[in-house]
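Colleague:
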Amino acid sequence: MLLIPPPSQKNMYNKVITLTEFILKEERKFKKATGSFTLLLTQIENASKIIASHIKKTGLVDIIGRTGSKNVYQEDVQKLDEFSNALFVDMITESGQTYAVCSEELEKPVFVKKNSGKYSVFLDPLDGSSNIDSGITMGSIFSIYHKSTNLQQPGEKQVSAGYILYGPSVMFVYTAGARVNGFTLDPSIGAFILSHPNIQIPSKGRFYTLNEGYWELYDQPLKNYLSSLKKASKPYKTRYAASMVADIHRILFQGGIFLYPSNKKKPQGKLRLMYEVNPLSFLVKKAGGLAITNGRDPLKIKPLSLNQRVPIVLGSRKEVKKYLQFAC
213 MLLIPPPSQK
223 NMYNKVITLT
233 EFILKEERKF
243 KKATGSFTLL
253 LTQIENASKI
263 IASHIKKTGL
273 VDIIGRTGSK
283 NVYQEDVQKL
293 DEFSNALFVD
303 MITESGQTYA
313 VCSEELEKPV
323 FVKKNSGKYS
333 VFLDPLDGSS
343 NIDSGITMGS
353 IFSIYHKSTN
363 LQQPGEKQVS
373 AGYILYGPSV
383 MFVYTAGARV
393 NGFTLDPSIG
403 AFILSHPNIQ
413 IPSKGRFYTL
423 NEGYWELYDQ
433 PLKNYLSSLK
443 KASKPYKTRY
453 AASMVADIHR
463 ILFQGGIFLY
473 PSNKKKPQGK
483 LRLMYEVNPL
493 SFLVKKAGGL
503 AITNGRDPLK
513 IKPLSLNQRV
523 PIVLGSRKEV
533 KKYLQFAC
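Take the sequence shown: its letters are residues 213 to 540, numbered as in this note's numbering.
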């Protein structure tokens, strides 16, 4: 009879690190840390768990569908959009750690009355909300800066940035300026568990993400670049989820390039610098990738307004450099 030896004591237990534990350990590395950042990030974490729960119930409760109103950008507002926005803003302001909260869904920043908080937070509460009724992956994007009376700070001054992915699994991916780490929600214990430490985007990839429905509106250099991808000996594959979080998440792990360029109808681009471009560019660069807007680093742009829009190209380092050969 074949005897199978029992597992060694070393292999009987794998250390599980929760997001909260991880943040606390990181905080101890800074002698002047007060716990303020930890409390703020924990509130963002808690809000994301509640939103994830509601997204899973969208076919069971009357929270899906449009409200009949439009947001400040004249885009249709979905009920879940409103819920996510209100929840994030309430929980972040109640943390007592913020000076101001700016949301893509709000016309004006929300200033905390006491003005005692150390941070300003920028939010896209529910990216890809047009996918709500279709049950396709969505996400939330956040960006954190040190308190400043001028909220229009360049992206290079971000303290932290990240996103929460609401898909087959719920993931919390963020950087505090050093490495990019990913945490997966374990529903059995209700906690995010470190699942992807030190994420590094592949230097190249065979995927490109772009809304090719705008082909006729794109300029010739971009068309030439896209044609080169299609005519390569191993043609690139296109992937487009209509959710920036979902598209960037895939590229972060599989490599490739994300493009949301300007076109004849939107010469300034569509995506918001403060709410989408800065946080995800910051994260992609910290993971070893590149980000470009009009030939320059988006993180060095001094915003002209909180609602400024810019074109953006980001992803694997070699793929972005290949794009620049056509664009410049």
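All C-beta atoms in this analysis are idealised placements derived from N, C-alpha and C, irrespective of residue type, glycine included.
Does DSSP put N393 in a helix, in a strand, or in coil?
Modeller: DSSP places N393 in strand when its eight states are reduced to three.
Colleague: Measuring straight from C-alpha to C-alpha, what distance separates D459 and G501?
Modeller: About 14 Å.
Colleague: Suppose you measure from the CA of V392 to the CA of K326; what does that come to, to the nearest Å?
Modeller: Those two C-alpha atoms are separated by around 33 Å.
Colleague: I'd like to know if the segment 366-385 and the segment 487-495 are in contact, where contact means that at least 3 CB-CB pairs between them fall below 8 Å.
Modeller: Taking 8 Å as the limit for Cβ pairs, the verdict is that the segment 487-495 does touch the segment 366-385.
Colleague: Are there three or more Cβ pairs, one per stretch, closer than 8 Å when the segment 405-423 is compared with the segment 299-312?
Modeller: Result no; under three Cβ-Cβ pairs closer than 8 Å.
Colleague: Entirely within the segment 386-445 and at least 3 residues each: give me those beta strand (DSSP E) ranges in chain order.
Modeller: If we require 3 residues or more, the beta strand (DSSP E) runs fully inside the segment 386-445 come out as 392-398, 403-408, 419-421.
Colleague: Between the C-alpha atoms of S346 and R240, what's the straight-line distance to the nearest angstrom?
Modeller: So the two alpha carbons sit approximately 43 Å from each other.
Colleague: With DSSP collapsed to three states, give me the class of I229.
Modeller: Three-state DSSP puts I229 in coil, outside helix and strand.
Colleague: At the level of alpha carbons, what is the spacing between L236 and I267?
Modeller: Cα-Cα distance, rounded: 29 Å.
Colleague: What separation, rounded to the nearest whole angstrom, lies between the Cα atoms of N258 and A444?
Modeller: Taking the straight line from one Cα to the other gives about 45 Å.
Colleague: Going by DSSP, what residues sit across from Q370 in a beta bridge?
Modeller: Y357, per the DSSP bridge assignment.
Colleague: Using CA atoms only, rank isn't needed, just tell me which of T246, L253, A298, S265 is closest to D398.
Modeller: Residue S265 is the option with its Cα nearest to D398.
Colleague: Could you say which of S341, S315, T254, E317 lies nearest to G308 if we only look at CA atoms?
Modeller: Measuring from the Cα of G308, the nearest candidate turns out to be T254.
Colleague: Roughly how many angstroms lie between the CA atoms of V322 and S260, to the nearest whole one?
Modeller: Distance between the alpha carbons of V322 and S260: 19 Å.
Colleague: Is DSSP giving I262 helix, strand or coil here?
Modeller: In the structure shown, I262 sits in a helix (DSSP, three-state: H, G or I).
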